[in-house]
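Engineer: What the sequence shown shows, in our numbering, is residues 30 to 96, in sequence order. Submitted below is the structure of interest, expressed as structure tokens.
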Amino acid sequence: MICKKLERGVKILLLCSPHNPVGRVWTKDELIKLGEMCLKQKVLVVSDEIYADLVYQGSKHTPFAAI
């Protein structure tokens, strides 16, 4: 679940996708909401997608840059 707001003073958000250690894959809608929040608050997103090719069957990884 995406937080409703970012705390004041946050400058960088480190996104792990898929998220370790459980391999949770963020949905495209979640990434869009996150991106909108970060744009609004001028927060830089650093996306770590090193394990993008290691997702569970039935899941689809969406690169953050694609949104």
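Beta carbons are placed, not taken as given, at the ideal position from N, Cα and C, and that holds for glycine. Model, not experiment: these values are computed from the prediction.
Under 8 Å, do L73 and I41 count as touching if we go by C-beta distance?
Structural biologist: Their beta carbons are under 8 Å apart, which means L73 touches I41 by this criterion.
Engineer: With H, G and I counted as helix, E and B as strand and the rest as coil, what does DSSP make of L68?
Structural biologist: The answer is helix: DSSP assigns L68 an H, G or I state.
Engineer: For the beta strand (DSSP E) holding L73, just list the boundary residues, first then last.
Structural biologist: Unbroken beta strand (DSSP E) run through L73: L73 to D77.
Engineer: Starting from L35 and walking both ways along the beta strand (DSSP E), at which residues does that stretch end?
Structural biologist: L35 -> no beta strand (DSSP E), and no H or E assigned at all.
Engineer: Hey, could you find the ends of the beta strand (DSSP E) L83 is sitting in?
Structural biologist: Taken as a continuous stretch (DSSP letters only), L83 belongs to no beta strand (DSSP E), as it is neither H nor E.
Engineer: Take V39 as the anchor and find which of K71, K89 and Y85 has the nearest alpha-carbon.
Structural biologist: The option with the nearest alpha carbon to V39 is K71.
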